[in-house]
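Protein chains in written order, with the UniProt record's numbering: chain V, 1 to 116; chain U, 1 to 116.
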DNA sequence: TAAAGTGGTAACCAACAAGTAACCAACATG
DNA sequence: CATGTTGGTTACTTGTTGGTTACCACTTTA
């Protein structure tokens, strides 16, 4: 969502969408809702995200104060991610959004155009 | 957010982001929260959106059952937009998101890199 | 000696979102 | 006859996102 442009917009919706409005961010936040996890664990939990995209997603969420990144200088290296207070306050909103969708979602898969 | 791909995803967050996660959609929904408005009025309320982008935004929100489009066969033509029930249930969530942002937003404009 | 695990980077690419500017039909008005 | 109003459309350009694949350093294990 052109994150760097909207991050300091006058509009709070543009700002919150700059934080939340990308493919994987809500998923990553939700995955960390009640646990700390390592890079590889988040990657395994989510499954279909690529390492590169997970890296930039985590980096941006850290920049925006949503999560903490803790590096342990061991071998092999260990890096842990967990939500900040600010990040935790986002959880009920994410859950509400998912609930809203579930309540209003009708599977209209027949509308999907699959070109043979 | 690659709307057509995620619209029928298994993940409710991907689905709701397919509806809400673009630059102008939450703004348009919010603009219609307690009134019906014509194309030109929405354009005037929001101000900085282009006609082309407003057209596709409105069309997609109608497709997703968030708003109604009513065409009056007059001259000059009149077209009115208003939220559906489904769209109206989104309002408290949008307000919560904006509130969340306002509560956690610190203006760190000095971090913006403005290349001279 | 070779492989495996960890948390990433770098180079490259396709698809999509959003923006600009010009243009349109159909009349009403001056 | 020219201009304005309304709700758009068309063609074109740019910027961003997400994806793939290969690769890295370092150390332990087989």
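Where is the CB? At the ideal position from N, CA and C, for every residue including glycine.
Query	Result
DSSP state of residue 36(V) mapped onto helix, strand, coil	coil
Straight-line Cα distance separating residue 105(V) from residue 7(U)	10 Å
Below-8 Å beta-carbon distance, residue 9(U) vs any chain V residue	no
Start and end residues, beta strand (DSSP E) containing residue 83(V)	78-83
Coil, strand or helix - residue 90(V) by DSSP	coil
C-beta contact flag for residue 81(U) and residue 37(U) at 8 Å	yes
Beta-bridge pairing of residue 70(V) - partner residues as DSSP gives them	80(V)
Cβ neighbours of residue 33(U) in the same chain (closer than 6 Å, five flanking residues each side left out)	91
Selection from 58(V), 77(V), 20(V), 84(V) that minimises the alpha carbon distance to residue 94(U)	20(V)
Rounded C-alpha distance that separates residue 9(U) from residue 30(U)	25 Å
Three-state class that DSSP yields for residue 100(U) in the structure shown	helix
CB contact below 8 Å: residue 91(V) versus chain U	no
Sub-8 Å separation of residue 42(U) and residue 54(U) beta-carbons	yes
Closer than 9 Å at the beta carbon, the chain V residues around residue 23(U)	1, 2, 6, 14, 17, 21
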